[in-house]
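Below is one structure, written out as structure tokens; comments come after it.
Chains as they are written, first to last, in my numbering: chain A, 1 to 193; chain B, 1001 to 1546.
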């Protein structure tokens, strides 16, 4: 394993020399500083990693909500079903669109009201597409609807962001993604309503 | 060294013969560090690997997704580990009376059981057995399993003692140098340091590869961050230690100039590339997304080149052959440009989207000439196809030239290295024997050159024959005789003796007659012959000194 040339390398002097030299302390100080920098960088990365974990758990909560309403097979997708609200008002019994559903989900007492964006409370929780250049999009959870290819064509799903006016209907394919610290989308789950 | 090594240490190691009790035999075979050729090192190595495997199992068990998927695997691995550690503990306890450390104790096994290593060994297995009888918290049990790491001390402590002995009276920097650079003062601790680094290089590279798998990264995101931080800390420490102690290396003397020279060396640059992405990504995160730099962590694999001579040989080969390689590259470039131009000329009209211009045709030319042939772009015109046939056949030959050159030069280099080893063996055999130190050097060189034991033995035999031939003055060439007066005297005496034998045993009269007639011999030769002939019986040659 040892290189031959290196094997010959040695600097031992026959007489004993002082163990410590002044330069050694400088080296130890530099070493300590370098290791402290590693720890600081590691801590920073870990903190960002923790923020991503919270974002992921937000995404998982949204996925869990979507799976929950997907599980209620017999019920129509009304605003009441969407936001798990009980009530007889016509507004609640009508066909749910994503905009109103989202508002109801995040409203006080809604199933996802407790969610907050870990990268900044002012950042949206459920929002538009990830943007690497826009830092306020970090930690956002986004929902996309999938459109399958036509029968006879190669299997392929095209994803586009769920717009506020999009109606939530049975059989709809949803993809939950979260934006990480760099603005990259991280896939959480795919659910068929 | 020339004979085959011991195939069965139990038979070959000293103190293993008949008449030695089973306990003593077992001790010398498995645990005695002072019995050469036994299994002690293999046992230590196996246990060290098992301890490290246990550590990894423990770490992975903490990841719920992995643990739940492979719970039974983890369980049986734990059972097998405890079984092996228990056997080890009982064996050490049984063999304790043979250990010189406890030989003076009245109750030898009890003395062993109270020793720190034995207590660590016991703690490594006790929680497993305790859990059978007492309800223990799983987290406590796992934490106790961490104690197994202390078992490594059995290997590390003697290595540290050896290291301290080897470096007595030396400075702190020389200590650091002995630890990180190969030298005669490094001992086993240097070897462990190298092994530790190699293991971490492999772990960090595997982590980078696995990080690219989305499903794994999703689950192990935080674990990867911690792993990367630890790896960066280790490699930063290594880099700093090397930079600090490199001035002790020949060729790098001088606190500033030596270190600056080292920083510019390929080894140091590789070390730097291995750690820089970690720092840059965090320090410049607010300016630019440097996530792409993470791929450079794979460059850590290059750190392993420090431990193999293969890359060094490749570098030498490239340096030696670069003029030829340059010429071959030039021909290749010519052919590529020519092919691309012809392709554009013949195919542009038929396929303007694929052969839009000459630069675009270069891609097709390279793919065709290198015999890759993806098939995404192909000629359709008869002229284009005919040209492709000719150029493809040409390409096979031209593109193969650099590969053949490199292969041949690499083979030559290995041959040169082997010759170097043979020359070293020749020098080592000057005293007729190969000492333990020389054997160690030979083994290290053989490992570097990937030579098997048979091949080394063959080289030694060859060097021995050369040494014998070199010491035989009868076979020496004139320059060698000129350089060695003693051998020249011997040769002179031997030749003179042969002439006297000719004069006594040969047809003396006929030879004298022939010598005298014509131009068969010069005057000097004739006179010398006559002088010898006259004194044949006068002087009896003395016995040779050797």
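Using N, Cα and C, we set each Cβ at its ideal position, and we do this for glycine too. Note that the structure is a prediction, hence the values are computed from the model and not measured.
- Your pair residue 1347 of chain B and residue 1380 of chain B checks out as a contact, with CB atoms roughly 7 Å apart and the cut at 8 Å.
- Identification of residues in the segment 1324–1358 of chain B having a C-beta nearer than 7 Å to some C-beta of chain A yields an empty set.
- Identification of chain B residues near residue 41 of chain A by a Cβ-Cβ cut-off of 9 Å yields 1229, 1232, 1278, 1279, 1281, 1282 and 1283, ordered along the chain.
- A straight-line Cα-Cα distance of about 56 Å links residue 1276 of chain B and residue 75 of chain A.
- The Cβ of residue 141 of chain A sits no closer than 8 Å to any Cβ of chain B.
- Using a Cβ distance threshold of 8 Å, residue 70 of chain A and residue 187 of chain A do not count as a contacting pair.
- For residue 1171 of chain B, a Cβ of chain A is located within less than 8 Å of the residue's own Cβ.
- Here residue 148 of chain A is bridged, per DSSP, to A/157.
- Residue contact check for residue 1372 of chain B against chain A: no CB pair falls below 8 Å.
- Rounded to the nearest angstrom, the gap between the Cα atoms of residue 1129 of chain B and residue 1040 of chain B is 28 Å.
- For residue 179 of chain A, there is no enclosing alpha helix (DSSP H); the residue is part of the beta strand (DSSP E) that begins and ends at 173–179.
- Nearest to residue 1447 of chain B by C-alpha distance, out of B/1307, B/1391, B/1067 and B/1515, is B/1307.
- Secondary structure at residue 1303 of chain B: helix, using DSSP grouped into helix, strand and coil.
- Put simply, the CB of residue 1305 of chain B is far from chain A, with every gap to its CB atoms at 8 Å or more.
- Per DSSP, residue 1113 of chain B is one residue of the alpha helix (DSSP H) stretching across 1108–1113.
- Residue B/1033 holds the alpha-carbon nearest to the alpha-carbon of residue 1101 of chain B among B/1247, B/1033 and B/1222.
- Listed in chain order, the non-local C-beta contacts of residue 1259 of chain B below 8 Å within the same chain comprise 1243, 1246, 1247 and 1252, local neighbours out to five positions each way being set aside.
- Beyond the five residues adjoining it in sequence on each side, residue 1295 of chain B comes within less than 8 Å, by CB distance, of 1208 in the same chain, given in chain order.
- Residue 190 of chain A is bridged by DSSP to A/175.
- Of all alpha-carbon atoms in B/1179, B/1215 and B/1274, the one lying nearest the alpha-carbon of residue 1189 of chain B is that of B/1179.
- Pairwise C-beta distances place the segment 133–144 of chain A out of contact with the segment 35–50 of chain A, as fewer than three of them are shorter than 8 Å.
- With the criterion set as a beta carbon lying under 8 Å from some beta carbon of chain A, the members of the segment 1209–1226 of chain B are 1214, 1218, 1221, 1222, 1225 and 1226, in sequence order.
- Residue 62 of chain A sits close to residue 112 of chain A, with the two beta carbons spaced by under 8 Å.
- For residue 125 of chain A, the three-state secondary structure derived from DSSP is coil.
- Assignment of residue 1521 of chain B by DSSP, reduced to helix, strand and coil, places it in the coil class.
- Of the residues B/1161, B/1498 and B/1186, the one whose Cα lies closest to the Cα of residue 1173 of chain B is B/1186.
- As the crow flies, the alpha-carbon of residue 18 of chain A is around 12 Å from that of residue 1167 of chain B.
- The beta carbon of residue 1060 of chain B is closer than 6 Å to those of 1066 in its chain, skipping five residues each way along the sequence.
- Residues of chain A with a Cβ closer than 7 Å to the Cβ of residue 1291 of chain B are, in chain order, 182.
- Pairing residue 1225 of chain B with residue 1200 of chain B gives a Cβ-Cβ distance that is not under 8 Å.
- Pairing residue 1028 of chain B with residue 1035 of chain B gives a Cβ-Cβ distance under 8 Å.
- Residue environment: residue 1473 of chain B is assigned as buried (16 or more neighbouring CB atoms within 10 Å of its CB, all protein chains considered).
- Shown here, residue 143 of chain A sits in a strand according to DSSP, grouped into three states.
- Listed along the chain, the chain B residues whose CB falls inside 7 Å of the CB of residue 120 of chain A amount to none; the nearest CB is some 14 Å away.
- Interface criterion not met: the Cβ of residue 1428 of chain B is under 8 Å from no Cβ in chain A.
- Using a Cβ-Cβ cut-off of 9 Å, residue 17 of chain A is close to 1169, 1170, 1171 and 1174 of chain B, given in chain order.
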